[in-house]
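J.: The structure's right below; bear with me while I get my questions together.
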Amino acid sequence: TSASSACDAAAPLYPPGARVGVLLPLPLGGLYDYRVPRSGPAVAEGQPVEVPLGKRREIGVVWGAGEGAVAEAKVRDILRVLPATPLPQVTRRFVDWVAAYTLSPPGAVLKMAISVPQALEEPRPLTVYGLPDPDHPPDLAALGVKETRARRAVLNVAADLPPLPAGDLAREAGVSDGVVKGLAQAGVLVPSLVHPQLDPPRPDPDHPGPTLSAGQEEIAEDLRSRVRGHAFSVALLEGVTGSGKTEVYFEAVAEALRRGRQVLVLVPEISLTSQWLSRFRRRFGVPPLEWHSELTQARRRDVWRAVANGRAAVVVGARSALFLPFRDLGLVVVDEEHEQAFKQEDGVSYHARDMAVVRGQLGSVPVVLASATPSLETVLNAESGRYDKLHLPERHGGSLLPDVDVVDMRRMPPEKGDWGRSWLAPPVVDAVSETLERGEQVLLFLNRRGYAPLTLCRTCGFRIQCPNCTAWLVEHRLVRRLVCHHCGHSEPTPRQCPQCGDEDSLAACGPGVERLAEEVVGRWPEARSVVVASDTLGGPLAAAALMERIAAHEVDLLIGTQVLAKGLHFPELTLVAVVDSDLGLSGGDLRAAERTYQLLTQVAGRAGRAAKQGRVMLQTYQPEHPVIQAMVTGETAQFLEAEAEGRRATSMPPYGRLAALIVSGEDEGAVDAACAQLSRAAPREANVEVLGPAPAPLAMLRGRHRRRFLLKAPRGVRVQPVVAAWLGRVKVPHSVRVQVDVDPYSF
Ligand code: ADP
Ligand code: ZN
8 TSASSACDAA APLYPPGARV GVLLPLPLGG LYDYRVPRSG PAVAEGQPVE VPLGKRREIG
68 VVWGAGEGAV AEAKVRDILR VLPATPLPQV TRRFVDWVAA YTLSPPGAVL KMAISVPQAL
128 EEPRPLTVYG LPDPDHPPDL AALGVKETRA RRAVLNVAAD LPPLPAGDLA REAGVSDGVV
188 KGLAQAGVLV PSLVHPQLDP PRPDPDHPGP TLSAGQEEIA EDLRSRVRGH AFSVALLEGV
248 TGSGKTEVYF EAVAEALRRG RQVLVLVPEI SLTSQWLSRF RRRFGVPPLE WHSELTQARR
308 RDVWRAVANG RAAVVVGARS ALFLPFRDLG LVVVDEEHEQ AFKQEDGVSY HARDMAVVRG
368 QLGSVPVVLA SATPSLETVL NAESGRYDKL HLPERHGGSL LPDVDVVDMR RMPPEKGDWG
428 RSWLAPPVVD AVSETLERGE QVLLFLNRRG YAPLTLCRTC GFRIQCPNCT AWLVEHRLVR
488 RLVCHHCGHS EPTPRQCPQC GDEDSLAACG PGVERLAEEV VGRWPEARSV VVASDTLGGP
548 LAAAALMERI AAHEVDLLIG TQVLAKGLHF PELTLVAVVD SDLGLSGGDL RAAERTYQLL
608 TQVAGRAGRA AKQGRVMLQT YQPEHPVIQA MVTGETAQFL EAEAEGRRAT SMPPYGRLAA
668 LIVSGEDEGA VDAACAQLSR AAPREANVEV LGPAPAPLAM LRGRHRRRFL LKAPRGVRVQ
728 PVVAAWLGRV KVPHSVRVQV DVDPYSF
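Below, the structure written as structure tokens:
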């Protein structure tokens with residue numbers, strides 16, 4: 008198809024006076040009609056423009072011909088055509104596609120694609136100062152300027168460096184701005200205007216990389232040929248952790264670079280990709296551009312522009328990077344494709360992995376999905392032949408997969424009660440001691456932030472709950488507060504029970520990583536230990552520094568949550584003990600087993616990544632659970648088959664389709680009334696089933712009461728028109744919000 012062409016030479020032009028539909032990056036309805044000014048030039052589809060909206064001015068994008076629904080006299084003129092180039096056609100089609108699929112207003116999707124409206128403005132030109140002829144020192148006397156030390160310093164800097172803004176030049180020379188301005192007035196320095204733009208260094212595809220094994224090379228060549236073909240395809244790149252998936256897909260990246268095409272790599276947790284970034288730098292000589300929520304506005308603007316004008320060759324980013332306006336995308340990689348973090352639930356709910364495939368299809372771009380534990384969806388797509396499966400069977404360099412032992416907690420010595428107990432079983436304690444004695448690293452994995460997940464009064468039984476959510480408050484002892492992990496509410500840890508007022512009766516129940524750390528310090532006081540959790544990491548720089556310290560073996564014992572489970576490579580880490588392997592298995596979530604299996608496999612993959620044999624110990628109260636059994640026997644296929652069978656039997660995803668409606672509001676009565684309306688108007692089609700309303704998994708969140716409907720249909724049914732018609736039949740008050748989630752992820 009032609010959708011991928013770099014510039015939209017064929018984009019329709021709208022002549023002066025024409026009516027056009029402009030899409031505004033706002034969560035409103037559809038397009039708004041405006042007129043191309045009669046006095047100006049024609050405007051292309053995709054052109055960013057400024058338009059009046061009520062009394063305001065808004066920036067939007069010309070999306071197509073006007074619809075004519077508004078009376079001719081009421082159509083207002085476009086105020087200004089912005090200097091930015093038109094949004095590529097493929098980006099516009101992608102915005103429309105995502106909006107239609109997720110049943111979101113197109114404007115809300117466009118907002119993700121534009122990201123920073125300032126990016127559409129001409130960068131403000133900078134005045135810089137330099138010598139008229141850098142090769143010949145100016146003749147001060149001839150210009151009637153007395154030579155001083157300060158002036159000499161400025162001229163020396165100006166001779167060495169390219170033209171700089173006055174302030175920068177003065178700073179470099181160690182003088183005041185006035186010196187530079189004076190020289191400019193006298194004509195010694197000449198001003199010029201420049202348009203600053205990000206010019207990222209180009210990654211070098213032929214920078215020396217590792218020599219691939221024969222098996223790796225075969226798959227690398229397959230990927231390269233996909234890039235050369237420049238056609239849509241999806242490859243599932245599957246292989247145990249450490250098998251070289253990253254090195255192999257780097258070869259596909261290199262091929263795209265050789266062809267001058269852009270590359271997008273989506274990763275789940277950007278702040279922890281410091282190791283990924285340094286590996287990229289090792290392979291390509293320079294870093295890629297990053298895209299994530301922690302970038303400053305100015306940086307976002309610059310990166311967005313660099314993507315739009317084609318200077319950005321490789322972008323690694325979180326899910327929203329998918330909406331960047333790539334001019335000439337040649338490859339999309341979704342690393343750790345099974346990760347839940349790719350699913351966005353607020354606002355426009357979309358799954359970045361699925362939308363990456365759509366983006367690939369619209370732009371004729373090959374897509375690579377990499378994982379050691381692919382999602383069931385992807386596995387089935389590979390089995391049905393829609394995706395091609397590429398398999399890396401073994402760890403690079405022959406390092407063995409770790410041995411997995413189950414520690415049956417039911418057989419461990421009886422607890423002494425919840426307070427003052429040990430969270431580690433005797434065999435784990437012994438294994439940790441032995442590993443430390445050998446001078447190797449240990450990871451104690453517990454996927455729970457804070458000190459204790461529940462605070463309970465031993466006198467009256469009161470449990471401290473979040474005032475805004477159906478959730479217990481989690482004690483964070485380091486900051487002496489109780490925190491809600493859903494809404495962020497926090498309060499000082501009380502000294503007495505809020506219900507009965509008893510002093511010293513409040514008890515922490517269950518362990519979080521902080522509490523586990525207490526036990527660790529007590530047992531192994533000489534070991535250098537560190538807690539690694541999302542709330543203790545600090546920013547990306549601090550995280551990167553910590554990962555480096557760990558890799559350099561400046562830490563003996565890691566106590567970590569899932570932030571440590573992914574993609575990290577610590578050669579000295581040989582023992583991984585999972586404190587509560589059953590944690591993710593409780594609750595009625597459809598994907599609980601699949602997700603627990605993926606997480607345990609990822610964590611286990613941290614052990615013994617280099618020459619030394621690794622060991623994994625799983626503390627569990629359910630040793631017979633299929634997930635735990637799959638971990639021990641390594642019979643992945645069998646486990647996945649059983650999971651698939653269960654989903655098939657109940658027509659659940661990926662065999663059936665789901666859409667969720669979350670109805671929420673602060674007034675419970677209004678929410679219930681809206682639910683009653685929705686129930687009465689529910690679709691009656693024979694092939695769809697409506698479940699609910701039921702309390703949503705978090706029945707109360709951020710002070711809003713939440714109910715949920717689930718719409719279930721066979722896979723072949725398009726649920727969007729059914730849901731849209733349903734919503735069209737009801738009118739809920741403004742105080743109630745109905746959020747649509749097509750393909751809800753957790754429930
Ligand atoms: P995965 O992405 O499958 O977990 P990686 O690509 O991270 O695997 O590889 C694991 C480790 O082995 C990394 O340190 C990587 O640099 C190294 N490695 C993989 N393949 C090779 C190779 N052919 N030559 C040298 N080192 C390799
Ligand atoms: Zn809360």
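Position one of the sequence shown corresponds to residue 8 (our numbering), numbered consecutively onward.
Positions of the beta carbon are idealized from the N, C-alpha and C atoms, including for glycine.
Predicted model, so just to flag it, every value in this text is computed and none were measured.
#1: Between which two residues does the alpha helix (DSSP H) holding Met362 run?
#2: Decide if His403 is buried, meaning its Cβ has at least 16 other Cβ atoms within 10 Å, or exposed.
#3: For Asp103, which residues of its own chain have a beta-carbon under 7 Å away from its beta-carbon, when the five flanking residues on both sides are left out?
#4: For Trp430 versus Leu296, is the C-beta distance shorter than 7 Å?
#5: Using CA atoms only, rank isn't needed, just tell me which of Arg286, Pro90, Val116 and Ala126 is closest to Glu555.
#6: Could you say which of Glu652, Arg455, Val585 and Phe577 lies nearest to Glu601 if we only look at CA atoms?
#7: Helix, strand or coil for Cys504? Go by DSSP, reduced to three states.
#8: Is it buried or exposed for Gly427, if we count other Cβ within 10 angstroms and need 16 for buried?
#9: What whole-angstrom Cβ distance do Leu397 and Leu244 have, given they're in contact under 8 Å?
#10: Based on Cα-Cα distance, which residue from Ala106, Ala689 and Gly354 lies nearest to Gly699?
#11: Along the chain, where does the alpha helix (DSSP H) that runs through Asp679 open and close?
#12: Suppose contacts are defined by Cβ-Cβ distances below 7 Å. Is Arg456 in contact with Ala540 by that definition?
#13: According to DSSP, is Ile226 part of a helix, a strand, or is it coil?
#14: Where does Phe577 sit, in a helix, a strand or coil, going by DSSP?
#15: At the level of alpha carbons, what is the spacing between Thr543 and Asp40?
#16: Measure the beta-carbon distance from Val695 to Val724 and round it to whole angstroms, keeping in mind my assumption that it falls under 8 Å.
#17: Skipping 5 residues on each side, what residues in its chain have a beta carbon closer than 8 Å to that of Arg288?
#18: Please determine if the segment 214 to 226 and the segment 353 to 371 are in contact, where contact requires at least 3 C-beta pairs separated by less than 8 Å.
#19: Under DSSP, the alpha helix (DSSP H) around Lys118 begins and ends at which residues?
#20: Give the list of continuous beta strand (DSSP E) stretches no shorter than 3 residues that lie fully inside the segment 510 to 586.
#21: Using the Cα positions of Pro518 and Ala551, report the straight-line distance between them to the nearest angstrom.
#22: On the premise that Val322 lies in contact with Leu331, defined as a C-beta separation below 8 Å, what is that separation, rounded to the nearest angstrom?
#23: In chain order, what residues of the same chain have a beta carbon less than 7 Å from the beta carbon of Glu154, not counting five sequence neighbours either side?
#24: Beta carbon of Pro532: closer than 6 Å to some heavy atom of ligand 1?
#25: Quick one: is the Cβ of Cys507 within less than 6 Å of any heavy atom of ligand 2?
#26: Please state whether the Cβ-Cβ distance between Gln363 and Leu329 is less than 7 Å.
#27: Measure from the alpha carbon of Ala238 to the alpha carbon of each residue in Ile226, Leu369 and Val152, then state which is nearest.
#28: Please classify Val528 as buried or exposed, where buried requires at least 16 other C-beta atoms within 10 Å of its C-beta.
#29: Just how far apart, CA to CA, sit Arg470 and Val449?
#30: What residue range does the alpha helix (DSSP H) around Ser281 cover?
#31: Just curious, the beta strand (DSSP E) that Ser378 is in, first and last residue?
#32: Which first and last residues belong to the alpha helix (DSSP H) in which Tyr604 is found?
#33: Indicate the three-state DSSP secondary structure (helix, strand or coil) for Phe452 in the structure shown.
#34: Count the other CB atoms within 10 Å of the CB of Asn454; is the residue buried (16 or more) or exposed (fewer)?
#35: How would you call Cys467, buried or exposed, if buried means at least 16 neighbouring beta carbons within 10 angstroms?
#36: Candidates His493, Arg484 and Val187: which alpha carbon is nearest Pro501's?
T.: In terms of the structure at hand:
#1: Run containing Met362: Ala359 to Gly370, per the alpha helix (DSSP H) assignment.
#2: By the 10 Å Cβ count, His403 comes out buried.
#3: So the qualifying residues of the chain are Pro113.
#4: Taking the C-beta atoms as reference points, Leu296 is found no nearer than 7 Å to Trp430.
#5: Nearest in C-alpha terms to Glu555, of all of Arg286, Pro90, Val116 and Ala126, is Arg286.
#6: Scanning Glu652, Arg455, Val585 and Phe577 for the CA closest to the CA of Glu601 turns up Glu652.
#7: Shown here, Cys504 sits in coil according to DSSP, grouped into three states, outside any helix or strand.
#8: At Gly427 the pLDDT is 49, less than 50, meaning the model places this residue with poor confidence and gives no usable figure here.
#9: Contact holds; Cβ gap of about 5 Å.
#10: Taking the Cα of Gly699 as reference, the smallest distance to any Cα among Ala106, Ala689 and Gly354 is reached at Ala689.
#11: Asp679 -> alpha helix (DSSP H) spans Glu675 to Arg687.
#12: With contacts defined by Cβ atoms closer than 7 Å, Arg456 and Ala540 form a contacting pair.
#13: In the three-state scheme derived from DSSP, where H, G and I count as helix and E and B as strand, Ile226 is classed as helix.
#14: In this structure, Phe577 counts as coil in the three-state DSSP scheme.
#15: Distance between the alpha carbons of Thr543 and Asp40 is about 50 Å.
#16: That belief holds up - the Cβ atoms of Val695 and Val724 are roughly 7 Å apart, short of 8 Å.
#17: Once the five neighbours on either side are set aside, the close Cβ partners of Arg288 are Pro294.
#18: Too few Cβ pairs lie closer than 8 Å, so no.
#19: From DSSP, the alpha helix (DSSP H) with Lys118 extends over Pro113 to Ile121.
#20: Contiguous beta strand (DSSP E) elements confined to the segment 510 to 586 occur at 513 to 516, 536 to 539, 564 to 567 and 580 to 585, taking only those with 3 or more residues.
#21: Pro518 and Ala551: Cα-Cα distance of roughly 27 Å.
#22: With 8 Å as the limit, Leu331 and Val322 qualify as a contact, their Cβ atoms being about 6 Å apart.
#23: Excluding residues within five positions, the ones whose Cβ falls inside 7 Å are Leu147.
#24: Not so, every heavy atom of ligand 1 lies at least 6 Å from the Cβ.
#25: No.
#26: As written in the sequence, residue 363 is Ala, which differs from the Gln given in the question. Taking C-beta atoms as the reference points, Ala363 and Leu329 count as a pair closer than 7 Å.
#27: Considering only alpha carbons, the answer is Leu369.
#28: Counting of Cβ neighbours within 10 angstroms places Val528 among the exposed residues, the total staying below 16.
#29: Rounded to the nearest angstrom, the gap between the Cα atoms of Arg470 and Val449 is 34 Å.
#30: From DSSP, the alpha helix (DSSP H) with Ser281 extends over Ser281 to Phe291.
#31: Residues Pro373 to Ser378.
#32: That run of the alpha helix (DSSP H) goes Ala599 to Ala611.
#33: The answer is strand: DSSP assigns Phe452 an E or B state.
#34: Buried.
#35: Exposed: under 16 other Cβ atoms inside 10 Å.
#36: Nearest option by C-alpha distance: Arg484.
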